[in-house]
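Chemist:
Residue numbers (the numbering used here): -4 to 291.
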């Protein structure tokens, strides 16, 4: 086991900062756990808030050193909020009470699996499929924390639709995931050498990866503060409601309203989502903000 202490601003909250990373990052009130396949091997990480400005970092496995180096980035140390001015009114009040940083994992494969599985389904269904993929075809996480790690892209590329169907993944998403797995050798290191905009454009050259999935990937893997998941079922309504008092919105209206905050549009989206959704109308859907979207 490797262990060290990190200093963080007193206002940084673990849950809010790493929220965009989604699975496989598990967040509790004062601790966070992360299992992943690093460039140096399997790794397991634990972050524990031990004081107002201190976080204790522990890591296990062949990838422990990599995870120790990544821990500050996961805590948003590269994120600059000094010039961010939130929309006036309720969102300004919320930002004043609960500011957050955007962490990054730099694990493109993890984010792509989550993004592909999240296409046009309820969030919990996507998370369940991801967990089953890790348990059935992946590896057990090193160290005492338990859990499973996603199979390597090479392993997934060897699978077929019949292997993924029992996980609750229909043919379309299965074929997209297999396509992504085969493409990974050519794109795996992109988060370190390209901008989020370049990564987003490159990902959309893969058939089945559209603007929604690409934006969700750069937001989580790269801490992209300007990512906009065009094609989401809920987000345009949420933005229209909080920025213009309009209960319904379109992608075009959302982009128009977010334009003054270019460079921080994902931050505004995150802030608006945490403040509540637009008023309900019509049939009720048991879907969350990222759960059902219209694009790829």
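Even for Gly, the Cβ is constructed at its ideal location relative to N, Cα and C.
(1) Report yes if the C-beta distance between residue 212 and residue 106 is below 7 Å; otherwise report no.
(2) Which residues does DSSP pair with residue 134 in a beta bridge?
(3) Tell me residue 0's beta-bridge partners as DSSP assigns them.
(4) Alpha carbons only, please: which of 236, 167 and 126 is nearest the one belonging to residue 115?
(5) Give me, in chain order, the residues of the same chain whose beta-carbon lies closer than 7 Å to that of residue 178; leave out the 5 immediate sequence neighbours on both sides.
(6) Does the region -4 to 11 come close enough to the region 90 to 104 to have 3 or more Cβ pairs within less than 8 Å?
(7) Using the Cβ count rule (16 or more neighbours within 10 Å means buried), how would you classify residue 249?
(8) What three-state label does DSSP hand residue 45 in the structure shown?
(9) What does the alpha-carbon distance come out to for the pair residue 315 and residue 40?
(10) Counting only beta-carbon separations shorter than 7 Å, does residue 106 have a partner in chain D?
(11) Tell me the residue span of the alpha helix (DSSP H) that contains residue 192.
(12) Please say whether residue 155 and residue 124 have beta carbons closer to each other than 7 Å?
(13) Whose CA, out of 239, 231, 241 and 100, lies closest to the CA of residue 268?
(14) Less than 7 Å between C-beta atoms, sequence neighbours within five positions excluded: which residues of the same chain meet that for residue 34?
(15) Apply the 10 Å Cβ neighbour rule to residue 28 and answer buried if 16 or more other Cβ atoms are within range, or exposed otherwise.
(16) Within the chosen definition, does the region 216 to 227 reach the region 185 to 197 through at least 3 CB pairs nearer than 8 Å?
Modeler: Working from what's here:
(1) It is a contact, given that the beta carbons lie within the stated cut-off.
(2) Looking at the DSSP output, residue 134 sits in a beta bridge with 144.
(3) Its beta-bridge partners are 51.
(4) Closest by alpha carbon: 167.
(5) Here the set comprises 201.
(6) Counting C-beta pairs closer than 8 Å gives three or more between the region -4 to 11 and the region 90 to 104, which meets the contact rule.
(7) In the assembly as shown, residue 249 is a buried residue. Its beta-carbon has 16 or more other beta-carbons within 10 Å.
(8) Three-state DSSP puts residue 45 in a strand.
(9) The displayed coordinates of the chain run from -4 to 291. Any statement about residue 315 would go beyond what the structure contains.
(10) In the structure shown, chain D does not exist; there is a single protein chain.
(11) Unbroken alpha helix (DSSP H) run through residue 192: 191 to 198.
(12) Using a Cβ distance threshold of 7 Å, residue 124 and residue 155 do not count as a contacting pair.
(13) When each option's Cα is compared against that of residue 268, the closest is 231.
(14) For residue 34, where only same-chain residues beyond five positions count, the Cβ hits under 7 Å are 61.
(15) Residue environment for residue 28: buried (at least 16 other C-beta atoms within 10 angstroms of its C-beta).
(16) They touch, by the three-pair rule.
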